[in-house]
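Quick note on numbering that gives the first Met the number 0: the sequence shown kicks off at 0 and runs consecutively.
Think of the CB as a built atom: it goes at the ideal place given N, C-alpha and C, for glycine as much as any other residue.
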Amino acid sequence: MPFPYFKQPDKMDCGPTCLRMVAKHYGRNFNIQTLRQLCSINREGASLLAISEAAEKIGFRSLGAKLDSDNLLEAELPCMLHWRQNHFVVLYKIKKGFFFIADPASGLVKLTKEEFNNSWLGDKQTNEGIALLLSPTPYFYEQENEKGSEVRWSFLLHYLVTYRKLVTQLVLGLAIGSILQLITPFLTQSIVDIGINTRNLGFIYVILIAQVALIIGQTSIDFIRSWILLHISTRINISILTDFLIKLMKLPISYFDTKMTGDIMQRMSDQRNIQNFLTSNTLTTIFSVFNLVIFSFVLAFYNLIIFFVFAASSVLYISWIMIFLGRRRVLNYRSFDVSARNQSSVVQLISGMQEIKMNNCEQQKRWEWEHFQARLFRFNIKTLALNQYQQGGATLINQGKTIVITFLSAQAVMNGNLTLGAMVAVQYIVGQLSNPVEQLLGFVQSFQDARISLERLNEIHQMADEEPVDQEWNQELPYQKSLSIQNLSFSYPGIGNEPVLRNINLVIPQGKTTAIVGMSGSGKTTILKLLLRFYESQTGVIKIGDQSISNFSFKTWRNACGVVMQDGFIFSDTIERNIAVGADFPDKTRLEHAIKTANIQEFINSLPLGLKTKIGAEGNGISQGQRQRILIARAVYKDPEFILFDEATNALDANNELVIMNNLADFFVGRTVVVVAHRLSTVSNADNIIVLDGGVIIEQGTHAELTTLKGSYYKLVKNQLELGS
Numbered sequence: 000m001p002f003p004y005f006k007q008p009d010k011m012d013c014g015p016t017c018l019r020m021v022a023k024h025y026g027r028n029f030n031i032q033t034l035r036q037l038c039s040i041n042r043e044g045a046s047l048l049a050i051s052e053a054a055e056k057i058g059f060r061s062l063g064a065k066l067d068s069d070n071l072l073e074a075e076l077p078c079m080l081h082w083r084q085n086h087f088v089v090l091y092k093i094k095k096g097f098f099f100i101a102d103p104a105s106g107l108v109k110l111t112k113e114e115f116n117n118s119w120l121g122d123k124q125t126n127e128g129i130a131l132l133l134s135p136t137p138y139f140y141e142q143e144n145e146k147g148s149e150v151r152w153s154f155l156l157h158y159l160v161t162y163r164k165l166v167t168q169l170v171l172g173l174a175i176g177s178i179l180q181l182i183t184p185f186l187t188q189s190i191v192d193i194g195i196n197t198r199n200l201g202f203i204y205v206i207l208i209a210q211v212a213l214i215i216g217q218t219s220i221d222f223i224r225s226w227i228l229l230h231i232s233t234r235i236n237i238s239i240l241t242d243f244l245i246k247l248m249k250l251p252i253s254y255f256d257t258k259m260t261g262d263i264m265q266r267m268s269d270q271r272n273i274q275n276f277l278t279s280n281t282l283t284t285i286f287s288v289f290n291l292v293i294f295s296f297v298l299a300f301y302n303l304i305i306f307f308v309f310a311a312s313s314v315l316y317i318s319w320i321m322i323f324l325g326r327r328r329v330l331n332y333r334s335f336d337v338s339a340r341n342q343s344s345v346v347q348l349i350s351g352m353q354e355i356k357m358n359n360c361e362q363q364k365r366w367e368w369e370h371f372q373a374r375l376f377r378f379n380i381k382t383l384a385l386n387q388y389q390q391g392g393a394t395l396i397n398q399g400k401t402i403v404i405t406f407l408s409a410q411a412v413m414n415g416n417l418t419l420g421a422m423v424a425v426q427y428i429v430g431q432l433s434n435p436v437e438q439l440l441g442f443v444q445s446f447q448d449a450r451i452s453l454e455r456l457n458e459i460h461q462m463a464d465e466e467p468v469d470q471e472w473n474q475e476l477p478y479q480k481s482l483s484i485q486n487l488s489f490s491y492p493g494i495g496n497e498p499v500l501r502n503i504n505l506v507i508p509q510g511k512t513t514a515i516v517g518m519s520g521s522g523k524t525t526i527l528k529l530l531l532r533f534y535e536s537q538t539g540v541i542k543i544g545d546q547s548i549s550n551f552s553f554k555t556w557r558n559a560c561g562v563v564m565q566d567g568f569i570f571s572d573t574i575e576r577n578i579a580v581g582a583d584f585p586d587k588t589r590l591e592h593a594i595k596t597a598n599i600q601e602f603i604n605s606l607p608l609g610l611k612t613k614i615g616a617e618g619n620g621i622s623q624g625q626r627q628r629i630l631i632a633r634a635v636y637k638d639p640e641f642i643l644f645d646e647a648t649n650a651l652d653a654n655n656e657l658v659i660m661n662n663l664a665d666f667f668v669g670r671t672v673v674v675v676a677h678r679l680s681t682v683s684n685a686d687n688i689i690v691l692d693g694g695v696i697i698e699q700g701t702h703a704e705l706t707t708l709k710g711s712y713y714k715l716v717k718n719q720l721e722l723g724s
């Protein structure tokens, strides 16, 4: 029985996916999302400790150990291995000196001991690598099987149903094309058997005219079919992507904090695989199979022996290709490490040239690069040899089939069992049958790609929305809008992460300015993110007035907040649309007020297109200070009741900061303001200053009160202003 294999959906899912494979090996199926949550996966993936704890929660005994490859011979398999210092794989068998690996990124591979050690051993001095040994307990077998990330093909049916008229026209076109192809060999036979044998030139003219008409008809049908296919594929592509974006925008912000951008982009490109599978590949393959069946019957009608020769050679051809697919996967896996190291070596040579020359190590670094080239050359030789074996065998099978069929056809003609025209028709039919066989092989790969893509898309569509429609939300904020934080503690996702905030109790009065200061990593930005509901509090509660913030609609709350974060985003758009985000027709008066408050009018006036100047990744480059002033103008334009600034002026020079802070002082009147800052000039006028250290509030009060206290805040002031003792 083969070892159960699952491919990791995302780059950081290797740990949960390995655990899923081991659990499946012992007879239990777990959803990848369940294992992700148990592993507390984050943007860096899952640690060995997190995987170990997750394994014990589902009923395994786990033991992390440093072993050498000989110790693994006595270990209980399957076990998990820390691979290439940045990945997890499953070792499921050791046999005859070979190590059998299930890599969630690449597949099932067989490695020699040397190849295995090169990827596994982390400590080259002791020749030891890290392994997580797993064995099921009775509790494991008490677990219920989960449905897992089932591939719901019904999810796609409504896309095809929407365009059923076009699909029907496409099917009709393919059917007519197949029928026209079927007529061709009979026309060819009639030219030879009737036209040539009876020397009837007029009949040959008629048949040739019929063939020209068939060619014109078939070409016209192909053109029309291509246009229909373009319309269907484009519309399905847009529909799938639109639905995906709608769902993506409903997910919590915390989802995007734990996902790599590349993983999200991969899901967006997955719709292309699904679109190709639904339209081009599936329909073409269906009619290729249709042609295969029809032409096979026709071939069998002409000569049964020739049909069996063709069928046997086709089975042999497919088997030969499949054998080499497995061997190619193993070779590609082995060459991956060498190719990656070679690329890193080249980048290091170029980017580190200054240090290389300064330390006179040119020869050593060049020799390292040449060593990688030699290893890569050896792999290229093996790849070339494999390609030649595969191509040679495939050619031999195909050409051998053609020669045998030609011989059998000629023999049948001489024996009077087949006419000369029928022999020509048989050759045409055999040529037409070769294409469907190759298309079937391509269809299998396309089906696998579409299945994996659909799993990824289904996973997103099955996730809970940030605002579930079946839950009631308060759409209006209370009259009393003071914010209060009670007994709040918080840790970021990941096993073993220390709490960022510890038992925070804080009141942010309505209409007042509250500043939060402290050393880097003290939890200032985390408080802001919790207030904005990037994350939900784990213990404790955040209230607006006397109601929990979790009772209010996300949109209602965020609509009341003007925010400037450290990593605020500038869109590739005009300055005007970057300030008035979400407004199709910006209010000119509010826009001018926002620009004036952010003190950015001089910069805008210096540009030839003014507010219509495009900035961002595809537009004019702007400095960090200009970027921050645009973000401040965006928050001011929104005219919110709550203002939350996270280091909003740290990139500004002293003059700009002074002007902007004076302008903001007027804007802040009557609004609830929370300011996070290192620069004390930003916070000195706050009504209340909170001092954080290690996630704990250690001081609070006004600037005058805290400086008189001569505690931590006083030290911050002294260090910034370089005051004497």
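Contact between the stretch 494-509 and the stretch 224-237 is absent: fewer than 3 CB-CB pairs across the two stretches fall below 8 Å. Contact holds between the stretch 0-13 and the stretch 93-109, because three or more Cβ pairs, one in each stretch, are under 8 Å apart.
Around I629, the same chain offers I569, I574, N577, I578, A597, I599, I614 and I621 as residues with beta carbons nearer than 8 Å, after the five sequence neighbours per side are excluded. Between the stretch 511-519 and the stretch 429-445 there are fewer than three inter-stretch CB-CB distances shorter than 8 Å, so the stretches are not counted as touching. Here the C-alpha atom of L247 lies approximately 10 Å from the C-alpha atom of M267. It is roughly 19 Å from the alpha-carbon of I31 to the alpha-carbon of E141.
DSSP places F489 in the uninterrupted beta strand (DSSP E) bounded by L482 to F489. Out of M79, A49, G567 and N718, the CA that lies nearest to the CA of Q623 is found in G567.
Counting every other CB atom within 10 Å of its CB across the protein chains shown gives H370 a total below 16, marking it as exposed. Burial state of D638 is exposed, judged by a 10 Å Cβ sphere holding fewer than 16 other Cβ atoms.
Sequence-distant partners of F641 (beyond 5 residues in either direction) whose C-beta falls short of 6 Å from its own C-beta, in its chain, are A559, C560 and T671. Around the beta carbon of W366, fewer than 16 other beta carbons sit within 10 angstroms, so the residue counts as exposed. An exposed status is given to R163, since fewer than 16 other beta-carbon atoms sit within 10 Å of its beta-carbon. In the structure shown, P135 falls within a strand segment according to DSSP collapsed to helix, strand and coil.
DSSP places E127 within a strand segment (E or B) once states are collapsed to three.
Secondary structure of V308 (DSSP, three-state): helix.
Its chain contains N687, I688, I689 and V690 as the residues whose beta carbon lies nearer than 7 Å to that of Q699, once the 5 sequence neighbours on both sides are disregarded; these appear in chain order. Considering only G522, L657, N604 and S490, the residue with the shortest C-alpha distance to D645 is G522. Per the coordinates, the alpha-carbon of N502 lies some 9 Å from the alpha-carbon of I484.
When secondary structure is reduced to three states using DSSP, V658 falls in the helix class. Exclusion of the five residues before and after F202 leaves I193 and G194 as the residues of its chain whose Cβ lies within less than 7 Å of its Cβ.
Close CB contacts of W119 within its chain, under the 7 Å cut and outside five residues either way in sequence, are with L80, W82 and G128 (chain order). If you draw a straight line from the Cα of S295 to the Cα of E466, it comes to about 57 Å. Going by DSSP, M79 is part of the beta strand (DSSP E) stretching over C78 to W82.
Counting C-beta atoms within 10 angstroms of its own C-beta, S571 has fewer than 16 neighbours from the protein chains shown and is therefore classed as exposed. Residue environment for D269: buried (at least 16 other C-beta atoms within 10 angstroms of its C-beta). Here K400 is buried: its Cβ has 16 or more other Cβ atoms, across all protein chains shown, within 10 Å. Here the C-alpha atom of Q627 lies approximately 54 Å from the C-alpha atom of Y91.
Residue pairing from DSSP leaves L527 without any beta-bridge partner. Taking a C-beta distance under 8 Å as the contact criterion, S536 and N473 do not qualify as a contact pair.
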